[in-house]
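K.L.:
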Amino acid sequence: MWQIEQADDMTRILLLPALVLSMMTAGFAAEATRGAVTNLPLPRFVSVKASEANVRRGPSRAHRIDWVYTRRDLPLRIVAEHGHWRRVEDRDGLGGWVHYSLLSGKRTALVESDQIVLRMRPLDTAPENARAGRGVVVRIESCAIDWCHLMAGGYRGWARKDGLWGVAADEIID
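Here you go:
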């Protein structure tokens, strides 16, 4: 009986520091999800504002240009911030540093599935308004739990999120 009580006391003694440490770590983890420069959430989606955006190895003009994005409105995911620079990733997971002035908060998405259907309402049975194929960039007007209201080529409609890259599965956009 004595050993069981002693083990419980020892467990309490060992659990207390672990609990305190986990609470401290949770606080740091919550802070780590905000950008150090903008205090905006990380990661987050943005789009290319310019007709050309240099992607560099590091966060300065002194770093080498690895490639150039030449598609305005292309969605990118910001994963880090440093001064006026944002570390971005594209849908293929390729990344680099882009100057913030070349990025926009305008939300766009890339059609990932073979084809998405734009519907009049966010229902699978709603009338079809248009279709968009793989690789088409669409403008996000709003998103609910499973559906986004999009604009593409002058057409508007609702499409399921699971066919898009540029919006998180749990993201709501008003």
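Following the numbering used here, the numbering of the sequence shown begins with 4 at its first residue and continues without gaps. Quick reminder that beta carbons are idealized off the backbone N, C-alpha and C, glycines included.
Who are the Cβ neighbours of ARG137 in its own chain at under 8 Å, not counting the five residues just before and after it?
P.N.:
VAL114, GLU115, SER116, ASP117, GLN118, listed in sequence order.
K.L.:
State the CB to CB distance for the pair LYS52 and LEU97, rounded to an integer number of angstroms; the pair is presumed to be in contact (CB under 8 Å).
P.N.:
Incorrect: roughly 19 Å between the Cβ atoms, too far for contact.
K.L.:
Tell me which residues share the same chain as ILE68 and place their Cβ nearer than 6 Å to its Cβ, disregarding the 5 neighbours each side in the sequence.
P.N.:
Closer than 6 Å at the Cβ level, and outside the excluded window around ILE68, lie ASN57, ARG59.
K.L.:
So, is LYS164 buried or exposed, given that buried needs 16 or more other C-beta atoms within 10 angstroms?
P.N.:
Label assigned to LYS164: buried.
K.L.:
Inspect the CB distances between the region 122-132 and the region 72-85 and report whether three or more fall short of 8 Å.
P.N.:
No, the region 122-132 does not touch the region 72-85.
K.L.:
Once the 5 residues before and after ALA39 are set aside, which same chain residues still bring their CB inside 7 Å of it?
P.N.:
GLU84, listed in sequence order.
K.L.:
Assuming contact is defined by CB atoms lying nearer than 8 Å, are THR111 and SER50 in contact in what I supplied?
P.N.:
The answer is yes: Cβ separation under 8 Å.
K.L.:
So who's on the other strand from GLU115, going by DSSP bridges?
P.N.:
For GLU115, which the question treats as bridged, DSSP gives no partner whatsoever.
K.L.:
What are the start and end residues of the beta strand (DSSP E) that includes MET154?
P.N.:
Start and end: 150-155.
K.L.:
Please report whether the beta-carbon of VAL120 lies at a distance below 8 Å from any beta-carbon of chain B.
P.N.:
Structure shown: chain B not included; a single protein chain is present.
K.L.:
Assign LEU43 to one of three DSSP states: helix, strand, or coil.
P.N.:
LEU43: coil per DSSP, three-state reduction.
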